[in-house]
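Structure first, then comments.
Residue numbers (the working numbering): 100 to 479.
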């Protein structure tokens, strides 16, 4: 069987039987004509299905090891569609330090619709188990967490879900299929913001839902079509182009993140660094068990008594002050005021995020240039 590096390049590509194009064609059509009533070439309307999007779905499903995939307009569209597996009165157990946009969707959109959520410390399996009640239908897992890089025990948490016959859903955006494959631990559904590492070039937004069995795929495809959240052909083509270099990019992201984390850990104006590749990360045993790499994301606590956030951000040359992550360029941001602001002060404090927390998406630039840039910005 081909290795993942080969699959990224070759899966979902060879669709052109007329001219033998070595890249997947774009089908920018809204509709497809029928040969006769009830007879077509497999597609009728692009919201429901499109050959370019199908190619991307084949690729991502193959990389994650799922039975199928739905490519969606954004990462949030993927999460939204999965939440529609539930109904009013259902309950979800999830982490207290998940992505701010996911937290906002859960609390401000689905809670008013009658779905209840418990936000717990998911590093504590006892806390997860205790949060499950008679109405619980899903456990939502994000690992590593955003932005503090906490690791959730996939095997242990999914075992709780299986025992109680709950859906287990894993957001695998931070590590990509290259560094982590949740289906190996029994996950039912995996989601991605393909905007991030799978595309990797900060030029498109997208999402993906990967299914662990055909029943889930059938329901998921129905929901994506009914909700109208499928990805456009051109955006799907861009993501399919980007995924070809996933392995090379992830290795470069990781190498830079480790070098930067080690530099920051030794800096006098940095209080703490969060990165799974550091020996100081408290979950080394679990990291080795379920992760094939550490990824390109890190966070740190800035000593704002010495260096203000404004000073840090203003002096940086190669790190753009911007939300999002996973692109070839390095980004830096302030979760309290940016990516996680919608959580509100109480939830931010409960998650461990502070006003001194800085999140970094390490790009693929030269590591020493990035370190020198940070060193200059951290000067008093």
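For glycine and all other residues, C-beta sits at the position ideal for the given N, C-alpha and C.
- Around the C-beta of residue 212, fewer than 16 other C-beta atoms lie within 10 Å, and the residue is accordingly described as exposed.
- Distance from residue 424 to residue 442 at the Cβ level is roughly 17 Å; contact not present, criterion being Cβ atoms closer than 8 Å.
- Residue 299 and residue 310 do not touch by the CB rule: their CB atoms are close to 23 Å apart, not below 8 Å.
- Leaving aside the five residues that flank residue 414 on each side, the residues in its chain whose CB is nearer than 7 Å to its CB run, in chain order, 475 and 476.
- Within 10 angstroms of the beta-carbon of residue 235 lie 16 or more other beta-carbons, which makes it buried.
- The continuous beta strand (DSSP E) containing residue 288 extends over residues 288–292.
- Within the model, the alpha-carbon separation for residue 371 versus residue 400 is close to 5 Å.
- Ranked by Cα distance from residue 270, the options 348, 202 and 355 are led by 202.
- Between the C-alpha atoms of residue 102 and residue 158 there is a straight-line separation of about 13 Å.
- Nearest neighbour of residue 209 by Cα position, chosen from 279, 340, 307 and 178, turns out to be 178.
- Contact between the region 164–171 and the region 328–343 is present, with at least three C-beta pairs closer than 8 Å.
- Of the residues assessed, residue 283 falls on the exposed side of the cut-off, its CB having fewer than 16 other CB atoms within 10 angstroms.
- Contact between residue 112 and residue 123 is confirmed by a C-beta separation of about 5 Å, below the 8 Å threshold.
- When the five nearest sequence neighbours on each side are left out, the beta carbons in the same chain lying within less than 8 Å of the beta carbon of residue 363 are those of 369, 372, 397, 399 and 473, in order along the chain.
- DSSP, read as helix, strand or coil, puts residue 297 in coil.
- In this structure, DSSP gives residue 239 an extended state, which the three-state scheme calls strand.
- Residue 396 is bridged by DSSP to 460.
- Annotation note: the region 326–410 contains the following uninterrupted beta strand (DSSP E) runs of length 3 or greater, listed N- to C-terminal: 369–373 and 396–401.
- Per the DSSP secondary-structure output, residue 421 pairs with nothing in a beta bridge.
- Judged by DSSP in its simplified three-state form, residue 146 adopts coil rather than helix or strand.
- The C-beta separation of residue 307 from residue 323 comes to about 10 Å, leaving the pair out of contact by the 8 Å criterion.
- Going by DSSP, residue 445 is part of the alpha helix (DSSP H) stretching over 444–450.
- Between residue 429 and residue 439, the CB-CB gap reaches or exceeds 9 Å.
- Of the other Cβ atoms in all chains shown, 16 or more fall within 10 Å of the Cβ of residue 331; this residue is therefore buried.
- Its chain contains 284, 285, 388 and 389 as the residues whose beta carbon lies nearer than 8 Å to that of residue 254, once the 5 sequence neighbours on both sides are disregarded; these appear in chain order.
- Scanning its chain for C-beta atoms nearer than 6 Å, with the 5 sequence neighbours on each side dropped, one finds around residue 130 the residues 144, in chain order.
- The continuous stretches of beta strand (DSSP E) do not include residue 222, and DSSP gives it neither H nor E.
- Checking the DSSP bridge columns, you'll see residue 193 partnered with 218 and 239.
- With a cutoff of 9 Å on beta-carbon distance, residue 191 and residue 238 are scored as near each other.
- In this structure residue 243 is buried. Its beta-carbon is surrounded by 16 or more other beta-carbon atoms within 10 angstroms.
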